[in-house]
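In this note's numbering, the protein residues as written are 1 to 564.
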RNA sequence: CGGAAUGUAGCGCAGCCCGGUUAGCGCACUACCUUGGGGUGGUAGGGGUCGCGGGUUCGAAUCCCGCCAUUCCGACCA
């Protein structure tokens, strides 16, 4: 492609709306342009990258026996009503105004509909069906460029099996295929165990890319490979042992002490010697939760233990329920008969400091065994950076991640609600056992950019680069330089190497270099007067800045060598 | 959906508080000259419903009200 004819609208300045690196680079390098919030046009260079990514996905899906479909995005709302997902998706589901249709945010319903009509027997199974399609989700807050949009491209696949063992097999095939896809795209990723949540089924994993732009907080251990969402992560945080003797309770005045840190400072004790009390209302029933010192309560864990209707009490409610404000609440001397739960780390502790349920007073020497009725010790704390991992070897690192893939053992949720059954060997009717698996195509591109750039621009991996080579004719006024670069251009075209040829006239050398670095093709070939007078052509590897020269007659061989 | 900010040329911004010539700057764009290995320098140009609607006023980019859009923080995210 000749740059002169190419539509590559690069920008010198960063658009004010773009905050994260990948979004800025996509805008500056002319890969995308916004149309509306969360909706982007893919420009030729951006779409070239998408096509490369989609091709890699196709090859790996085909390799595990996947069959490619192209399913409609416009769906009759009734199939979504059958599975109860009109309500489940709520506002996320785009609904068509002048006909009872929806824009599909995913395709379990359509797949199950086809399966219902055409899968009759265990002999028809297993199946792996996939497609690469535009998905529509009415995100309330699109953000981070293409990472969270209202319209995006997804490879989604679905497996149909006659047994749970078959599902495990299909699931593992996908897991392996996904690993290959990310590796081929040059992404550093890791796999996070996830709970199956409201999707139902027996398991799910997320494929995450570490990034400051990530929306998920992740916990990883460098030693054992443990990786989990912070919401469910656990660690081997140091537990303090019970002291040999428990001293007797003593109420003391602690004027103006509100926080654990202030309390620890006031009493000259470690924060870990304090028991922090939190009041939650579980469907209006107050419960008291004890945490050690500055440990943070993990509300996700609370929700999975108590359900979604649990919430922290408001300040007025605190005062009414305990007679004290936050900071002076404790497990001893409560007016009401609270149910008390405590974090596992506090199990068996004594000589603790706790609020006295009287403003500006605390109680010393609390022995949880002796002085309180703890209903149950639960894992409630949020894991913190630097704690020991459960494996005993590594330390926990907390980081942000972007989800680039999710694989799910669905089970029979959809086949049951839509009555997609098959006859087994015994002639008995059973619901098809399903799995569903997704990869965000634009997210792969964005994550690749997050991981592969510097202050000047992109460096594409050769597997997904829009062009392998950026050929720069430095001096467009020099006959010799122009004819030499033309010669290299046609030579590379002959051997089918994709080249972006900067043949623009009257553009200064610096401008071309800056554009080349911004656009990020893996190899730059620089044809300029100085080197050419010695019959030399310069090459530059974008990712590491390495430069070298070769004789002009050896350039094709050198390129072949570089990409071999 | 809650909180905040912003909206002036393709992009980045100033002007607004304190209303008053023809709305300004940088980049980009057009023409010419210049330069020619890291976003050359210059001259001359083109491009604006000042987000939309209403109000106050002799007069509104500027003040007031409503709406819309965009971004950020939070909630939500099968």
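Every residue gets a Cβ at the ideal spot worked out from N, C-alpha and C, and that includes glycine.
{"Item": "Going along the chain, which residues of its own chain have a beta-carbon closer than 8 Å to the beta-carbon of residue 100, five neighbours each way excluded?", "Value": "76, 77, 78"}
{"Item": "Among all the DSSP beta bridges, which residues are the ones paired with residue 129?", "Value": "67, 158"}
{"Item": "What residues in its chain sit with their C-beta under 6 Å from that of residue 466, if we drop five residues either side in the sequence?", "Value": "45, 48, 49"}
{"Item": "For residue 556, which option in 544, 469, 516, 476 has the closest C-alpha, if you only look at C-alpha atoms?", "Value": "469"}
{"Item": "I'd like to confirm the pairing. Which residues does DSSP put opposite residue 274 in its beta bridges?", "Value": "353"}
{"Item": "Do the stretch 125-132 and the stretch 157-165 touch if we need at least three Cβ pairs shorter than 8 Å?", "Value": "yes"}
{"Item": "Just checking my contact of residue 189 with residue 209 at CB under 8 Å: how many whole Å lie between their CB atoms?", "Value": "5 Å"}
{"Item": "Where do the ends of the alpha helix (DSSP H) carrying residue 369 lie?", "Value": "368-371"}
{"Item": "Who are the near neighbours of residue 64 in its chain, counting only those whose CB is closer than 8 Å to its CB and skipping five residues on each side?", "Value": "128, 173, 174, 176, 177"}
{"Item": "How about the stretch 366-376 and the stretch 315-322: do they share at least three Cβ pairs that are nearer than 8 Å?", "Value": "no"}
{"Item": "I'd like to know if the stretch 441-450 and the stretch 498-515 are in contact, where contact means that at least 3 CB-CB pairs between them fall below 8 Å.", "Value": "no"}
{"Item": "Residues in its own chain within less than 6 Å of residue 509 by CB, not counting five upstream and five downstream?", "Value": "474"}
{"Item": "According to DSSP, is residue 548 helix, strand or coil?", "Value": "strand"}
{"Item": "Residue 265 to residue 132, Cα distance in whole Å?", "Value": "59 Å"}
{"Item": "Pull up the distance between the alpha-carbon of residue 72 and that of residue 29, whole angstroms please.", "Value": "32 Å"}
{"Item": "With 16 other CB atoms within 10 Å as the buried threshold, where does residue 2 fall?", "Value": "exposed"}
{"Item": "Do you know how far the Cα of residue 122 is from the Cα of residue 141?", "Value": "44 Å"}
{"Item": "What do you reckon, are the CB atoms on residue 368 and residue 346 nearer than 8 Å?", "Value": "yes"}
{"Item": "Of the residues 365, 258, 406, which one's Cα is nearest the Cα of residue 324?", "Value": "258"}
{"Item": "If we count the other Cβ atoms within 10 Å of its Cβ and call it buried at 16 or more, is residue 70 buried or exposed?", "Value": "exposed"}
{"Item": "Per the DSSP calculation, residue 75 is bridged to which residue(s)?", "Value": "102"}
{"Item": "Give the C-beta separation of residue 478 and residue 158 to the nearest angstrom, bearing in mind that I take them to be a contact with Cβ-Cβ under 8 Å.", "Value": "Actually they do not touch by this definition, with Cβ atoms about 59 Å apart."}
{"Item": "From the DSSP output, in three-state form, read off residue 266 for me.", "Value": "helix"}
{"Item": "Tell me, please, whether the stretch 12-21 touches the stretch 142-158 by the rule of three or more beta-carbon pairs shorter than 8 Å.", "Value": "yes"}
{"Item": "Please report the distance separating the alpha-carbon of residue 543 from that of residue 192.", "Value": "29 Å"}
{"Item": "Provide the residue(s) that pair with residue 469 in DSSP beta bridges, ordered along the chain.", "Value": "499, 523"}
{"Item": "If you draw a straight line from the alpha carbon of residue 286 to that of residue 302, how long is it in whole angstroms?", "Value": "14 Å"}
{"Item": "Once the 5 residues before and after residue 410 are set aside, which same chain residues still bring their CB inside 6 Å of it?", "Value": "201, 434, 435, 436"}
{"Item": "Taking residue 168 as the reference, give the member of 416, 558, 407 with the closest Cα.", "Value": "407"}
{"Item": "Once the 5 residues before and after residue 283 are set aside, which same chain residues still bring their CB inside 6 Å of it?", "Value": "309"}
{"Item": "With H, G and I counted as helix, E and B as strand and the rest as coil, what does DSSP make of residue 216?", "Value": "strand"}
{"Item": "Skipping 5 residues on each side, what residues in its chain have a beta carbon closer than 7 Å to that of residue 480?", "Value": "532"}
{"Item": "Provide the residue span of the beta strand (DSSP E) that contains residue 24, from first to last.", "Value": "No beta strand (DSSP E) holds residue 24; the alpha helix (DSSP H) holding it covers 21-28."}
{"Item": "Which value, in whole angstroms, describes the spacing of the CA atoms of residue 248 and residue 357?", "Value": "18 Å"}
{"Item": "Could you tell me which residues DSSP pairs with residue 431 in its beta bridges?", "Value": "421"}
{"Item": "Along the chain, where does the beta strand (DSSP E) that runs through residue 208 open and close?", "Value": "203-210"}
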